[in-house]
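Student: After the structure tokens below, expect a handful of questions from me.
There are 2 protein chains.
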Amino acid sequence: MDAGDLVIGVDMGGTKVLAAAVDAEGRIAAQGRIPTQAQNGPIDVVARVARLLTEIAEQAGAPNRPLAAVAIGVPGQVDDAAGLVRHAPNLPGWTDVPFAELLRARLGGEPRVVLDNDVNLAILGEHVYGVGRGLRSMIGVYVGTGIGGGLILDGQLYEGAHAAGGEIGHTVLEHKGPTCRCGGRGCVEALASRTAMERDVRALIAAGHKSDVLKLMEKHDSPHMTSSIVHRALRDGDKVMHQVFRHAQKYVGLLCANLVNTLDPQLVLIGGGLAERLGEDMVAHIREVAYEHFFSPEARKQIRIVPTQLKADAAPLGGAWLARQRLGYKPELGAPLH
Amino acid sequence: MDAGDLVIGVDMGGTKVLAAAVDAEGRIAAQGRIPTQAQNGPIDVVARVARLLTEIAEQAGAPNRPLAAVAIGVPGQVDDAAGLVRHAPNLPGWTDVPFAELLRARLGGEPRVVLDNDVNLAILGEHVYGVGRGLRSMIGVYVGTGIGGGLILDGQLYEGAHAAGGEIGHTVLEHKGPTCRCGGRGCVEALASRTAMERDVRALIAAGHKSDVLKLMEKHDSPHMTSSIVHRALRDGDKVMHQVFRHAQKYVGLLCANLVNTLDPQLVLIGGGLAERLGEDMVAHIREVAYEHFFSPEARKQIRIVPTQLKADAAPLGGAWLARQRLGYKPELGAPLH
Numbered sequence: 001m002d003a004g005d006l007v008i009g010v011d012m013g014g015t016k017v018l019a020a021a022v023d024a025e026g027r028i029a030a031q032g033r034i035p036t037q038a039q040n041g042p043i044d045v046v047a048r049v050a051r052l053l054t055e056i057a058e059q060a061g062a063p064n065r066p067l068a069a070v071a072i073g074v075p076g077q078v079d080d081a082a083g084l085v086r087h088a089p090n091l092p093g094w095t096d097v098p099f100a101e102l103l104r105a106r107l108g109g110e111p112r113v114v115l116d117n118d119v120n121l122a123i124l125g126e127h128v129y130g131v132g133r134g135l136r137s138m139i140g141v142y143v144g145t146g147i148g149g150g151l152i153l154d155g156q157l158y159e160g161a162h163a164a165g166g167e168i169g170h171t172v173l174e175h176k177g178p179t180c181r182c183g184g185r186g187c188v189e190a191l192a193s194r195t196a197m198e199r200d201v202r203a204l205i206a207a208g209h210k211s212d213v214l215k216l217m218e219k220h221d222s223p224h225m226t227s228s229i230v231h232r233a234l235r236d237g238d239k240v241m242h243q244v245f246r247h248a249q250k251y252v253g254l255l256c257a258n259l260v261n262t263l264d265p266q267l268v269l270i271g272g273g274l275a276e277r278l279g280e281d282m283v284a285h286i287r288e289v290a291y292e293h294f295f296s297p298e299a300r301k302q303i304r305i306v307p308t309q310l311k312a313d314a315a316p317l318g319g320a321w322l323a324r325q326r327l328g329y330k331p332e333l334g335a336p337l338h
Numbered sequence: 001m002d003a004g005d006l007v008i009g010v011d012m013g014g015t016k017v018l019a020a021a022v023d024a025e026g027r028i029a030a031q032g033r034i035p036t037q038a039q040n041g042p043i044d045v046v047a048r049v050a051r052l053l054t055e056i057a058e059q060a061g062a063p064n065r066p067l068a069a070v071a072i073g074v075p076g077q078v079d080d081a082a083g084l085v086r087h088a089p090n091l092p093g094w095t096d097v098p099f100a101e102l103l104r105a106r107l108g109g110e111p112r113v114v115l116d117n118d119v120n121l122a123i124l125g126e127h128v129y130g131v132g133r134g135l136r137s138m139i140g141v142y143v144g145t146g147i148g149g150g151l152i153l154d155g156q157l158y159e160g161a162h163a164a165g166g167e168i169g170h171t172v173l174e175h176k177g178p179t180c181r182c183g184g185r186g187c188v189e190a191l192a193s194r195t196a197m198e199r200d201v202r203a204l205i206a207a208g209h210k211s212d213v214l215k216l217m218e219k220h221d222s223p224h225m226t227s228s229i230v231h232r233a234l235r236d237g238d239k240v241m242h243q244v245f246r247h248a249q250k251y252v253g254l255l256c257a258n259l260v261n262t263l264d265p266q267l268v269l270i271g272g273g274l275a276e277r278l279g280e281d282m283v284a285h286i287r288e289v290a291y292e293h294f295f296s297p298e299a300r301k302q303i304r305i306v307p308t309q310l311k312a313d314a315a316p317l318g319g320a321w322l323a324r325q326r327l328g329y330k331p332e333l334g335a336p337l338h
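Read top to bottom, the protein sequences are chains A and B. Numbered per our numbering, the first sequence spans residues 1 to 338. Numbered per our numbering, the second sequence spans residues 1 to 338.
Dropping the structure here:
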């Protein structure tokens, strides 16, 4: 392994795929994005992701400098050793897909393909190049369609004994609360995800409360209440949106407190599309509720709760770092991001 | 350090102090117990603990083989580097007490004194000599007056960034639930500790439900519903006790599921006085509820939930192991317990 080897980190989401070639110092040499179009099925997605990677590799110096490794973050469970995507609820048809093999067959030169959870790559990116540089422990709380988590403990990505850790979205906060997609009740995902917020907004509107959220969705031809619609409605002072958002912030705050009381990290990072757009406007009330529920009074002085710094670049950067590490390169942690 | 050095592990509880001299293979060479009599204040407790340690050391070979190190588990927050007990809610007057120095002044020969949380020593004992031998990750859930937790992650005791991890008792499970001693509401400690069970039993009796629990307390001259009274009432088929106990088991089960979904360990251990007495009779329903709430269906096959194996010996054994380790001895983990 040479520090100059070409690696690409990829964030494969339900709606878009982001990829970046990143050098050993964390500088993005080339990047690109495509819509996922997951409805076309895995074979089509693989073909288009391979094209995207080839283009980015060429911009970054291929074929003179061949692509050495790719790490891909997938919204679901993967088996990296077997090169499989086990299950990805937001990607129709992605059950036991041999993603690594399919992708290698499309890319020249047999690059190494590493698979991980998208949230793990994002927290890794923030740890290596973002707000968590140099820390020994941090927790990422990602609020989107669902709620996911990533843990850095003792300076390492913590994946659990069966690579199933970090499912913080299924922390029960209200035993008799609303039903969750996991079959349980009162999981924080069923209380505070964007999906839960949309359900609550629709219920309040159906009950006669005045709100422009549904009109905004129509205007933007969006079947769902996206982060950008939430952002817009909050900015416009929509009362229903404000009420629902504050309710969700409270539960994310309780989740943060539960995690802090158990794991005593140095930092909690709030990520996902809403946090990328709203930053401190989202985090302030989450922090307030969390601090109220910290068991250790000193924790309020010691433990920071902050929004994502790298935003959409976090997972591609984390992926590139992981890819380089898997090639045997041991970059120094905490190097400055340029 | 010689493997033959004399070390003692101590569990200093609110009502009794247990201590054991343990050899490098985990065999208890000598042991003893005294009532804590915490109401007499720290100076008196230190004097009596020092006498207990001297007696046990003599039984185990002192003065020919002098006491090399003591590790003491305290029900509260300690600062081991400074030798201080910071705060121990169940030990009146124990705020910023220089326990290590006071104890060394009473013991001959300047043994090393190590301080830690009692629950940390207990999970360490189970990890080294008990049901967790050879595991990389396990979580201890200790149900007593309060609810405490200990974490073994990546084969090591996990203490958190500010030695404040493991406060799983203050995991909020019912946001609008009963008030907790921490000031919050709906913490699992306020729902499922022995203190919460006693509150619920008293409330049901006050509401006219028939139960013999208060009579049992009177008969045994106990102002509180101890583990032994809970055990007896359950055995006698007391309906109120059964109802309250099952309610508590449910919340401990939810706590276990939250911890498993976040940390994906190999094993969850249920400890504390009730689990020591009831074993599988306590754990069965906890496991049932936890398994229902695991996010990963495979986790039901992979993750065991079991009662404590070492019971009251866990913390003294863990303490002795920690004391020996601090002296520089690196015992092999997973050695058989004789």
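Glycine included, each C-beta is placed from N, C-alpha and C at the ideal position.
Apart from the five residues just before and just after Gly-334 (chain A), which ones in its own chain have a Cβ nearer than 7 Å to its Cβ?
Tutor: Low confidence applies here, because Gly-334 (chain A) scores a pLDDT of 49, under 50, leaving its location unreliable and the question unanswered by this model.
Student: Please identify the residue among A:Arg-51, A:Leu-259 and A:Glu-276 whose C-alpha is closest to the C-alpha of Ile-339 (chain A).
Tutor: What is shown of chain A runs 1 to 338, which leaves residue 339 (chain A) out entirely.
Student: Any C-beta of chain B sitting closer than 8 Å to the C-beta of Gln-325 (chain A)?
Tutor: Taking a beta-carbon distance threshold of 8 Å, Gln-325 (chain A) does not count as an interface residue toward chain B.
Student: What would DSSP say about His-285 (chain B), mapped onto helix, strand or coil?
Tutor: helix
Student: Please report whether the beta-carbon of Ala-20 (chain B) lies at a distance below 8 Å from any beta-carbon of chain A.
Tutor: Closer than 8 Å: no.
Student: Which residues, in chain order, does the region 263-274 of chain A contribute to contact with chain B at a C-beta distance below 8 Å?
Tutor: Leu-263, Asp-264, Pro-265 and Gln-266
Student: Anything in chain A within Cβ reach of Arg-181 (chain B), meaning under 8 Å, just list it in chain order.
Tutor: Those do not exist, as Arg-181 (chain B) stays about 10 Å from chain A at its closest Cβ, beyond 8 Å.
Student: How about Val-49 (chain A) and Val-85 (chain A): are their beta carbons less than 8 Å apart?
Tutor: By the CB criterion at 8 Å, Val-49 (chain A) and Val-85 (chain A) fall outside the cutoff.
Student: Counting only Cβ-Cβ distances shorter than 9 Å, please list the residues of the region 289-309 of chain A near chain B, keeping chain order.
Tutor: Cβ contacts with chain B come from Glu-292, His-293, Phe-294, Phe-295, Ser-296, Glu-298, Ala-299, Gln-302 and Ile-303.
Student: Below 8 Å on the Cβ atoms is my guess for Arg-112 (chain A) versus Ala-60 (chain A); work out the distance and round it to an integer in Å.
Tutor: Between Ala-60 (chain A) and Arg-112 (chain A) the Cβ distance is about 16 Å, and since that is not below 8 Å, they are no contact.
Student: Please name the residue in A:Glu-159, A:Asp-23, A:Glu-126 and A:Gly-146 whose C-alpha comes closest to that of Asp-79 (chain A).
Tutor: Measuring from the Cα of Asp-79 (chain A), the nearest candidate turns out to be A:Glu-159.
Student: Return the Cβ separation of Glu-174 (chain A) and Glu-174 (chain B) in integer angstroms, given the expectation that the two are a contact with Cβ distance under 8 Å.
Tutor: Right, their Cβ atoms sit about 6 Å apart.
Student: Taking 8 Å as the CB-CB limit, is Arg-136 (chain A) close to chain B?
Tutor: yes
Student: Could one say the Cβ of Gly-334 (chain B) lies closer than 8 Å to chain A's Cβ atoms, at least one of them?
Tutor: With a pLDDT of 49 at Gly-334 (chain B), under the threshold of 50, the predicted position of this residue should be treated as unreliable, though the coordinate-derived value follows. By this cut-off, Gly-334 (chain B) is not an interface position.
Student: Tell me which residues of the region 145-175 of chain A have at least one Cβ-Cβ distance to chain B shorter than 9 Å, keeping chain order.
Tutor: Near chain B, meaning a CB-to-CB distance below 9 Å, the residues of the region 145-175 of chain A are Gly-149, Leu-151, Leu-153, Asp-154, Gln-156, Tyr-158, Glu-159, Gly-160, Ala-161, His-162, Ala-163, Ala-164, Gly-165, Gly-166, Glu-167, Ile-168, Gly-169, His-170, Thr-171, Val-172, Leu-173, Glu-174 and His-175.
Student: Take His-285 (chain A) as the anchor and find which of A:Leu-124, A:Phe-245, A:Gln-37 and A:Ala-47 has the nearest alpha-carbon.
Tutor: Looking at the Cα atoms, A:Phe-245 is the closest of the given residues.
Student: Who does Leu-157 (chain B) pair with in a DSSP beta bridge?
Tutor: B:Ile-152
Student: Determine, using beta carbons only, whether Asn-40 (chain A) comes closer than 8 Å to chain B.
Tutor: no
Student: Unbroken alpha helix (DSSP H) runs of length 4 or more, entirely within the region 191-221 of chain B: which are they?
Tutor: 194-206 and 213-219
Student: Please list the partners that Leu-254 (chain A) has in chain B, where partner means a Cβ-to-Cβ separation under 7 Å.
Tutor: Chain B residues near Leu-254 (chain A): Val-172 and His-175.
Student: Thinking Asp-11 (chain B) and Gly-73 (chain B) are a contact (beta carbons under 8 Å), I'd like their distance in whole angstroms, please.
Tutor: Going by Cβ atoms, the distance from Asp-11 (chain B) to Gly-73 (chain B) rounds to 5 Å, so yes, they are a contact pair.
Student: Going along chain B, which residues have a C-beta under 7 Å from Gly-184 (chain A)?
Tutor: His-293
Student: Check whether the Cβ atoms of Leu-322 (chain A) and Ala-57 (chain A) lie closer than 8 Å to each other.
Tutor: no
Student: Suppose contacts are defined by Cβ-Cβ distances below 8 Å. Is Tyr-129 (chain B) in contact with Leu-317 (chain B) by that definition?
Tutor: Taking 8 Å as the Cβ cut-off, Tyr-129 (chain B) and Leu-317 (chain B) qualify as a contacting pair.
Student: Is the CB of Ala-257 (chain B) under 8 Å away from at least one CB in chain A?
Tutor: yes
Student: To the nearest angstrom, how far is the alpha carbon of Val-131 (chain B) from that of Gly-169 (chain A)?
Tutor: 30 Å
Student: For Pro-98 (chain B), I'd like the list of residues in its chain whose CB is within less than 7 Å of its CB, leaving aside the five on either flank, ordered along the chain.
Tutor: Gly-83 and Leu-84
Student: Less than 8 Å between C-beta atoms, sequence neighbours within five positions excluded: which residues of the same chain meet that for Arg-104 (chain B)?
Tutor: Glu-110, Pro-111 and Val-113
Student: Compute the distance between the beta-carbons of Pro-265 (chain A) and Ala-161 (chain B), then report whether it is under 8 Å.
Tutor: With contacts defined as CB atoms closer than 8 Å, Pro-265 (chain A) and Ala-161 (chain B) qualify as a contacting pair.
Student: So, using beta-carbon positions, are Asp-118 (chain A) and Ala-315 (chain A) closer together than 8 Å?
Tutor: yes
Student: Are Ser-211 (chain A) and Met-241 (chain A) touching if we call contact CB-CB under 8 Å?
Tutor: yes
Student: Can you list, in chain order, the residues of its chain with a C-beta nearer than 8 Å to that of Gly-76 (chain B)? Leave out the 5 residues immediately preceding and following it.
Tutor: Val-85, Arg-86, His-87, Ala-88, Pro-89, Asn-90, Leu-91, Trp-94 and Asn-117
Student: May I have the straight-line CA-CA distance separating Gly-146 (chain A) from Met-217 (chain A), to the nearest angstrom?
Tutor: 19 Å
Student: Excluding sequence positions up to five away, which residues of its chain have a Cβ less than 6 Å from the Cβ of Ala-20 (chain B)?
Tutor: Gly-9, Ile-28, Gln-31 and Pro-316
Student: Using the DSSP secondary-structure output, state which residues sit across from Thr-95 (chain A) in a beta bridge.
Tutor: A:His-87
Student: Say whether chain A places a C-beta atom closer than 8 Å to the C-beta of Asn-64 (chain B).
Tutor: no
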